[in-house]
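Take 45 as the starting number for the sequence shown in my numbering and just add one per residue.
Here a beta-carbon is modelled for each residue, glycine too, at the ideal position from N, C-alpha and C.
As the structure is a prediction and not an experimental result, all values here were calculated from the model.
Report on one structure; see the data block that follows.
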Amino acid sequence: MKQAFKRTITTILLLFPAIFVLAQTTVSGLVTTKQGKPIPGVNIFIKDTYDGASSDDEGWFTFRTSENAKQVLMATFIGYKSWEQEIDLTSDIKLKIELQESVNTLDAVTITAGSFTADDEGRASVMKPLDIYTTPSANGDVMAAIRTMPGTQASADDGRLLVRGGDVYETATYIDGLVAAKPYYSKTPDVATRGRFSPSLFTGVQFNTGGYSAEYGQALSSVLVLNSTGKAENDNTGISLMSVGGEANHTSSWDKSSLMLSGGYINFSGYNKIFNSNIDWGKPVESVNGTAVFRYKPRSSGLFKAYVTTDYGNLAYNVPAGSDGNPMKISNRVATVYSNLSYRDCISDKSCYRLGVSSTFQDQKTGLAADDVNTREWRVETRFALVHDMSEGIKLTWGANETSHLYNQDYIQAEGETYTGKFKDHLLGVFVEPEIKFSKNLAIRPGLRSEYSSVINRWNVAPRFAVALKTGEDAQLSGAWGMYHQTPQPDYLKLTTNLDFEKATHYILSYQFGDVSERLFRAEAYYKTYSDLVTYSAGENGLPSNLQNTGDGYAGGLDIFWRDQKTIKGFDYWVTYSYIDTKRKYKYYPEKATPEFVSAHTFSVVGKYWVNKINTQIGMSFTAASGRPYNDPNSTVFNGEKTKMYSDLSLNFSHVFYLGNQYSVFYCSVNNVLGNDNILSYRPSDLADAQGNYNLIPVKRDLKRMVFVGLFLNF
């Protein structure tokens, strides 16, 4: 009996797999695109089970399942919409699955007209923060590195961004979406300034040369958006020893937060004793600065950022003032405090928000011979933005910002007279901007922005529109149109508030081909019109009078960019060329003319080669620009003369070595290696000679050749 029982059990166990197989159903088929092209690697499975398979190289798949009755069959693959269909498993199933491409694929079109981005997510990325440090002509200045991008002017006598014919005030700078009202150190006549913020604070740079998003306003020409770093992951101490000063910093990192403190001191006194300067310095540049950066990450989707920096600078020098040769002393002492607090988080997996507040306070005391100009400014901006993924291919961004601006200036003459100009402004801005992807090849971004300024008691409405069309695997066309407004400058509002917004309209068409990680080519044509620019005539004591919004103008041109990081191993270079034709009537101009800061042709090339065997990078940058116009008061044509061509060849090298497990860098750069004595402009003297002619004073860069040496140690 026992033997018979064992034989029965054994037979059942042996037959069970066969019974199980006989009870299974076969699911098979073919996966293709809508055009019939097979798709390999697609995951096909019964929903809520482990039964499934992947399609082969020709799109075919097959698998067995013990499920029965009605079930849901699913197919998923990156870059395509998920597919699902109810099937009846009472018998074998054979079917054809067609997948539709998702509009949010990795190779989907992106709207890039007018925009060069350098963040980790930007497909049009052209410059990383490391590029800023290693561009020879930049010397670690964000603004100087950006000037190697197309659409900018070679402004060695100014240092600030001049974009597509726009004046320096027409470019706005934002940090984490919040305005940085004073992005440069104080500017004085004939001396170039530099950017206030260190590149090491940022993970990316977005430079919009025109046609920018409705999220931003108060910039007639362009915006520069700097995205700061997140929470630091490691402790670090750094000491920088430089030919013009020093800096020290320390970073502490914890589980959910980090804190970085830094301080620096700059003094050009010793440097100017070694190298001859074109400036007659009485007090060479001296400054001290301090920065604190705090990050707190309460959860994976949330991040709080706090950034505070302060600096104080002092300088004095003499400039030729008249034909009699007597110099005029210019001095400048300025203290600035900038803070930026922001928080971003997500309400759900489809809705995220960001909010923040930034504050800029500056107290500046400028001496002009025996006269003093004391200026105090305070700007506070609060901003809120919400981003919704409405559905696949539709994203809606909307928000608001409010900026309070207090301004007070006292002009104290040597004779004892004091002229005071002051105003208070509240600027309210609201915007809405959907981005719609009809397919992975076509996207549009309509936008609308509106602002109200209390100081001039005016509203503006600014519609904007951008479109992108993918024309090949690595090629696309983009276009943008938009209206832009800007409140008149403080130098005008301190005298009168009976003014309107200045206005500009942008038209942009661009073509882009390639991948920035290998090779990227981009060409962009643009046309920009100006209206309601502020004009004035010379009044009493040299102050503007008869201020009106009667100015206008245009700017049109072509920008070309090429970057290659693949052809030669270890070698990275980019080439830019810009052509511009522009005229405008604004400020004191008696007629439409090309502004004195514009070169019709600008060419730039930057190259860097990494020598792996010795851990050293060698860099070169060359910039050439056609002559800029200047006004000769002895001529009947306003801004009718031109300087000679400008050129600058700069070299640098960076050697990396390690102290423990931390890398350190020895850095050296030489600007204007060939020592070209470029005349950047001419300034007429204040006095005429006996024949009524005015002498012209050449304006040159303060140092014909700048040598910088730095040792940057990390522990």
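- In the DSSP annotation of this structure, the continuous segment of the alpha helix (DSSP H) that includes A189 starts and ends at 186-190.
- Under the three-state reduction of DSSP, P534 is assigned to helix.
- If you keep only unbroken beta strand (DSSP E) runs of at least 3 residues inside the region 207-253, you get 215-219, 246-252.
- Taking C-beta separations shorter than 6 Å and ignoring five residues to either side along the sequence, the partners of L602 in its chain run A569, Y623, following chain order.
- Taking a cut-off of 8 Å on C-beta distances, the region 482-495 does not touch the region 450-467, as fewer than three cross pairs fall below it.
- I552 has A524, Y570 as its beta-bridge partners, per DSSP.
- Following the DSSP letters along the chain, one finds N316 inside the alpha helix (DSSP H) bounded by residues 313-318.
- Between the alpha carbons of K610 and V709 lies a distance of about 25 Å.
- Around the beta-carbon of E461, fewer than 16 other beta-carbon atoms lie within 10 Å, marking it exposed.
- K631 places its beta carbon 8 Å or farther from that of N322.
- Taking a C-beta distance under 8 Å as the contact criterion, D415 and S345 do not qualify as a contact pair.
- In terms of CA proximity to R420, Q408 leads the group Y455, Q408, L303.
- Taking the Cα positions, F666 is about 33 Å away from G516.
- One thing to note: L521 has its Cβ no nearer than 8 Å to the Cβ of Y551.
- With distances taken between CA atoms, M187 lies nearest to Y229 out of G597, Y229, R672, L703.
- Spanning the alpha carbons of H449 and D576 requires a straight line of approximately 22 Å.
- Annotated as proximal: E130 and K114, with beta-carbon spacing under 8 Å.
- Counting only runs that start and end inside the region 248-286, the beta strand (DSSP E) elements of at least 3 residues fall at 266-272, 280-286.
- Apart from the 5 residues on each side of it in sequence, G73 sits with its Cβ closer than 7 Å to the Cβ of F105, K138, L139, K140, I141 in its chain, given in chain order.
- Taking 4 residues as the minimum length, the alpha helix (DSSP H) runs contained wholly in the region 290-350 are 313-318, in order along the chain.
- The DSSP-derived three-state label of G754 is strand.
- Excluding five sequence positions before and after G526, the CB atoms of its chain that fall closer than 6 Å to its own CB belong to G255, R508, H550, given in chain order.
- The alpha-carbon separation between G663 and F697 amounts to approximately 6 Å.
- N87 and D393 have their C-alpha atoms roughly 24 Å apart.
- Per DSSP, Q79 has no beta bridge partner at all.
- As a beta-bridge residue in DSSP terms, A510 pairs with R489, A524.
- Here T178 carries a helix assignment [DSSP, helix/strand/coil].
- For V650, the uninterrupted beta strand (DSSP E) run begins and ends at 645-655, by DSSP.
- Here S694 is near N715, since their CB atoms are less than 8 Å apart.
- The beta carbons of R108 and Q79 sit no closer together than 8 Å.
- C-alpha of G473 to C-alpha of Q144: approximately 40 Å in a straight line.
- When the beta-carbon positions are compared, Y382 and K226 come within less than 8 Å of each other.
- Closest by C-alpha distance to A506, out of G523, E477, K514, A512, is E477.
- Contact between T253 and G195 holds, with the beta-carbon distance rounding to 4 Å and staying under 8 Å.
- Rounded to the nearest angstrom, the gap between the Cα atoms of S110 and V116 is 14 Å.
- DSSP places G96 in the strand class (E or B) of the three-state scheme.
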